[in-house]
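Let me begin by presenting the structure, written as structure tokens, before commenting on it.
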Amino acid sequence: MTDYEKLANLIFPDINLTIDDLEKRYPKRDLKEGAIVDRFAPSPTGFLHSGSLFTALVGYKFALQTGGVFMLRLEDTDTKREIEGSGEKLLTEMKEFGVVPMEGYFGTYEEGSYGPYCQSDRALIYNTVIKDMIRRGLAYPCFCSHEDLDALRKTQEEKKENPGYYGEYAKCSHLIPSEAIKKIENGESYIIRFRSTGNHLNKIHVHDLIKGDLDLSENDQHIVILKSDGLPTYHFAHLCDDHFMRTTIVMRGEEWLSSLPIHYELFNTLGFELPKYAHLPVIMKQDNGKRRKLSKRLDQEAAVSYFLERGYSRDAIVEYLFTLANSNFEEWRLSHMNDNIYDFDFSFEKFNVDGALFDLDKINDISKERLSRLSKEEFTVKALEYANKYDHNLKDLIERDRDYFMSIINIEREKENPRKDYVKFEDVFDFIKFFYKDYYDEILSNGLEFNEKFNKGKIKEVLLTHLCSLDLTQDEQTWFQTMKDTMESLGFAPNKKELRDNPNKYIGTIGDASEIIRVALTGRKSSPNLYYVEKILTNSEIRRRFENVIK
RNA sequence: GGCUCAAUGGAGAAGCGGUUAACUCACUGCCCUCUCAAGGCAGCAUUCAUGGGUUCGAAUCCCGUUUGAGCUACCA
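Here my numbering runs 18 ahead of the position in the first sequence, where the first position is 1.
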């Protein structure tokens, strides 16, 4: 037995597996040509970030359209930052947006034969690989303390050299196995580092599916692969997991680009086939004229829950993310307005290389559009679903009388270009509450704002005249004609042109008369089409409201 | 500081050596209209961060500058 083997056995006495065993246990996937296997690998440190949803969505879509596999792997190796229960929260939020993994971690259970899918459960795999690496001299225990490392950094900074644990500075890499064994037997604490043979003066050539061809400096850092808590670091977990889970394309945020040389060397020294990489642009935010990464701490909209709580159309959020992913999507969308957006195929070529600013205006527009294209039944189901969780006032209105609610939100909905009154379900309650007696009475008690041009007598006259001539069995055309006729007798011109031509004959236009009726009925200067409002309110309620206003 | 990537209107962008520099959102004006929403029309980059070069010809290719972003942990 060599000294390296002794060292490996001392550190991992219970590991009997070999890399070969793992290769057999996790065989290559039998998928059709071009099928993409990718993964979403969040760490359970909080809620789902809008940028993470983007990454997950892109991975999901690619797997879907190529007949591949999209899996969820939980990167729970940072025990300090872990937030209890956030893994499941992440998953439910993804589901809200229709992003459902085909394999992996599902909160209370796992699915798939490449697991476990929580990194904290994969110690056997990591340890097996590391034991083999130590045996072959590719990894070694490092006994340096945090203080040693800080001191090292300081001297490197003074000498203006690259900071880090590498080359001559990698003190523990020079320890021969017998010395390391002695230290361990003395009870010194250690972590495991990777023995890099790279030189940062050399260049490696890599191809990124989105960024294109890149020349990067070779890695020379002896990175930590196993921390003192026994858990692997991201880099090492990435190596083992994506190799043994047979990931074909690693899709991740571009903040990972600079650690690609590490991964490149890791895969090469283990003789594992390097996966393809696609580094996605990061979503940015304008802040005081500067752009920066969308931040969970600073920006509310960075958390996906922002959109859920306000009742945005979830389809619209997905659709917006599609526009960020592929620049030609919007154009496609214009000619496929009523199709499923998943019919559109993503391509890596159409990805933008740099991060886009998060555009709430655009999201609002898309959400408004999506909500307007829902049938009244769909709208109501979704509104209630939202209201149940976030909006008790709205919930109450819907449950009082579902048909009444539907007739309100259906005003000018069933036509080619429907009204776009609501950006999000949060807007609905305020917009429609005047239809309900109790809320109307509340509005009335706060006072109505009529046009000051007209005195109380005139207002009363308009309301009474309108009420007398009102016949809601008429169609819209006739109804409006009746209104024009009756209002003309009170001095309101039937259109602006008439008023312009005969300024002395009229005191206003039909628009002014309508405003009086509108304010009396709704408490507002703008509302949907008065004809439909009146049809929904019915004669008796219109009479009641007018009488109260006149009082 | 070092390394890497990027730069087309307020935002997302098309553009791949010859275009009046598409399109979407936002914005502005007009029209339509009972208000709003919707819709229609028009406007919104004589110029693609900047300076140089290559070329008959450059937003497109090359170099420098500037600006921005990301990384530079026993975090992911």
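For glycine and all other residues, C-beta sits at the position ideal for the given N, C-alpha and C.
Asked, Found
"Is it right to say E93 is buried, meaning 16 or more other beta carbons lie within 10 angstroms of its own, or is it exposed?", "buried"
"Would you mind sorting Y132 into buried or exposed? The rule is 16 or more other CB atoms within 10 Å of its CB.", "buried"
"Hey, could you find the ends of the alpha helix (DSSP H) R195 is sitting in?", "Note that residue 195 is Pro in the sequence shown here, rather than Arg. Segment P195 to E203, the alpha helix (DSSP H) holding P195."
"Compute the distance between the beta-carbons of S196 and D48, then report whether it is under 8 Å.", "no"
"Could you tell me whether the stretch 195-209 touches the stretch 258-275, where touching means 3 or more Cβ pairs closer than 8 Å?", "no"
"Hey, could you find the ends of the alpha helix (DSSP H) L378 is sitting in?", "L378 to S390"
"Check whether the stretch 132-148 and the stretch 23-36 are in contact - that is, three or more C-beta pairs closer than 8 Å.", "yes"
"Give every residue of the same chain whose Cβ lies closer than 7 Å to the Cβ of K394, excluding the five residues on either side of it in the sequence, and list them in chain order.", "M424, I427, N428 and R431"
"Starting from V87, follow the beta strand (DSSP E) in both directions and report where the run begins and ends.", "V87 to L90"
"Check for me: the alpha helix (DSSP H) holding Y408 runs from which residue to which?", "K394 to Y408"
"DSSP beta-bridge partners for F510?", "G526"
"Using only alpha-carbon positions, find the residue among L508, D530 and S545 that is nearest to K438.", "S545"
"Which first and last residues belong to the beta strand (DSSP E) in which Q304 is found?", "M302 to D305"
"Label P31 either buried or exposed according to how many other C-beta atoms from any shown protein chain fall within 10 Å of its C-beta, with 16 as the threshold for buried.", "exposed"
"In chain order, which beta strand (DSSP E) runs of at least 3 residues are fully inside the stretch 124-211?", "157-160"
"For the beta strand (DSSP E) that K221 lies in, which residues bound it at each end?", "K221 to D226"
"Give the single residue among L156, N27 and I209 whose Cα lies nearest to the Cα of L167.", "I209"
"Taking the beta strand (DSSP E) that Y295 belongs to, which residues open and close that run?", "K294 to L298"
"In whole angstroms, what separates the C-alpha of G373 from that of L342?", "9 Å"
"When you compare each of M505, F564 and A53 to Y524 by their alpha carbons, which one comes out closest?", "M505"
"For S353, which of helix, strand or coil comes out of DSSP?", "coil"
"Report the three-state DSSP secondary structure of G122 (helix, strand or coil).", "strand"
"Going by DSSP, name the residue or residues bridged to F58.", "L90"
"What residue range does the alpha helix (DSSP H) around L82 cover?", "S68 to T84"
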